[in-house]
Every structure is written in C-alpha cells, then in structure tokens.
Amino acid sequence: MMMNGINTPPVQLAVEKVVVENGRHNEPGVRFGFNVGVWSKTGVWTKGDVVLVTLRLFCMAASVTAMFFMVTAHQVSTVSFYGLLLQLHSKWSFSYSFEYLVGVTVAAAVFSLLQLLIGVSRLLRKSLVIPSRIQAWLIFAVDHILAYAMTSAGSEASGVTNLNRTGIRHTALPNFCKSLDIFCDHVAVSIAFTFFSIVLYAALLFRM
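The sequence shown begins at 0 in numbering that gives the first Met the number 0 and counts up by one.
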C-alpha cells in the first residue's frame, strides 16, 4: 500500500469467524476481541431455557400430585349385597394397575426433579440448560419413555376405576364407589393428574 509515496505493509483487520455452539444448532458469529460471539447465547438467559425449566417444574408437580392422591387412596366401608351387609376394605396397593401408576409417577417425579435441579443451577450460572445435542437426545428419549409409560398407566387405572363405578353388567355386583366414595375420588384425581402430566410432557417434547 502506498501512502504519501512511502511503502507501508498491508493492514489486516483482526476479525475472526467463530462458530457459536448453543446446544441445539450452530450459528456463525463474528468476534471482535471478546470471549463470546455476537450471536452467542452463553452468559444470558434465553426464553426457551426458562420455558423448559418451567415445564419441568409443572411436570414434577403433576407427577407428585398424582402419586400423592393414589397412595392416600384407602377406605373401609360397608355395602349391601342381597340384604347382607359386607365390609369393604379398599386400598390402592390391592390393584396391580394402581401400583403400576404409582411406580411410573415416582419415576417421572424423580427424573423431573433431577432435571429441574440441573436446569436451575445452569440458569443461575447463566449457561444453557441443555448444552449439547447428545444430552438433548438423551433427555428427549427418557421423556418419551416416561410419557408412554404414564399413558399406559393412566389407561389401565382408568379401566379399573370405571369398573368400580359401574360394576359388572348382568351380575349382582354393585357400584362400589357409592360406598367407597373417598377411595374412588382419590383415584380419579390421581388419574386426572396423570393425564395432565402427559399433556405437559407433550409440551416439553415440543419445546425441545
């Protein structure tokens, strides 16, 4: 380069292209002597990360509620059968379907709590909630498994509850829920929160 008749060495602008890894996709950025790129999300909270943590909190709360109402479902009452008063002792652990629902909701609550603690700690450090694709796929797979398991558990428990409410057609078996109303109400609330958890998992998977 010629300046006032004097040869000067070419001036190079120190502009470096970097790739910003945001845990979901790569975006080209330009760095001007800073530690983070212009489009980097590192060091700030993103709306998507906050939504993920919030949905995870709701998933945990719904799973814990479903488990709580199921494990507290027990009642002792009497029912009239052909003029005879029979004592009924009903408890959630008497049904394999209800035990399956409790097991699935416990697993979902524990996993959601673990992910919630990790997510909150990363938000407090102002880092990404899901920092890599591998971790995102692992969480996605576990959430899928839990969602399908909760769907099957809720469906099985619904069948048993419906049988308790309607009895068996063409038989003299009564509607047990008339005498065991507290037990049936607890089971119904538990199943309702189980299906609500499925909706939350669907929203969580959609956000990921």
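All C-beta atoms in this analysis are idealised placements derived from N, C-alpha and C, irrespective of residue type, glycine included. In this text the structure is predicted, and so the values were computed from the model without any measurement.
query: Could you give the C-beta distance for Trp91 and Met69, rounded to a whole number, given that I count them as a contact under 8 angstroms?; result: 5 angstroms
query: Could you tell me how far apart the beta carbons of Ser189 and Ser62 are, in whole angstroms, since I believe they sit closer than 8 angstroms?; result: Not confirmed; about 11 angstroms, so no contact.
query: Can you tell me which of the three DSSP states Lys177 falls into?; result: helix
query: I need the straight-line Cα distance from Gly153 to Phe194, nearest angstrom please.; result: 7 angstroms
query: If you draw a straight line from the alpha carbon of Val119 to that of Lys46, how long is it in whole angstroms?; result: 14 angstroms
query: Is it true that the segment 117 to 131 meets the segment 175 to 189, where meeting means three or more beta-carbon pairs spaced less than 8 angstroms apart?; result: no
query: Less than 8 angstroms separating the beta-carbons of Leu87 and Ser76?; result: yes
query: Specify the secondary structure class of Val119 as computed by DSSP and reduced to three states.; result: helix
query: Alpha carbon to alpha carbon, what distance is there between Leu199 and Ser94?; result: 26 angstroms
query: How many Å lie between Gly32 and Ser126 at the Cα?; result: Only weak support is given to the placement of Gly32: the predicted model assigns it a pLDDT of 33, under 50, and the value that follows is read from those uncertain coordinates. Distance between the alpha carbons of Gly32 and Ser126: 21 angstroms.
query: Considering only their Cβ atoms, is the gap separating Met59 from Leu112 smaller than 8 angstroms?; result: yes
query: Can you find the residues in the same chain that come closer than 7 angstroms, C-beta to C-beta, to Thr54, ignoring five residues on each side of it along the sequence?; result: Looking at the sequence shown, residue 54 is not Thr but Leu. If we look at Leu54 and ignore the five residues flanking it on each side, its Cβ neighbours are Leu199, Ala202, Leu203 and Arg206.
query: By the three-class DSSP mapping on this structure, what secondary structure does Ala61 have?; result: helix
query: Buried or exposed for His185, please, with buried defined as at least 16 other CB atoms from any protein chain shown within 10 angstroms of its CB.; result: buried
query: Confirm, please, whether the CB-CB distance from Leu115 to Leu56 is below 8 angstroms.; result: yes
query: Relative to the alpha-carbon of Leu145, which residue among Ile181, Gln134 and Phe110 has its alpha-carbon at the smallest distance?; result: Phe110
query: Which residue wins for smallest C-alpha separation from Phe192, given the options Thr150, Phe182 and Ile181?; result: Thr150
query: Got a sec? Which residues, its chain only, sit under 7 angstroms from Asp142 by beta carbon, not counting five neighbours each side?; result: Tyr200, Leu203 and Leu204
query: Classify Asp48: buried if its beta carbon has 16 or more other beta carbons within 10 angstroms, exposed otherwise.; result: buried
query: Measure the C-alpha to C-alpha separation of Ser89 and Cys183 and round it to an integer number of angstroms.; result: 9 angstroms
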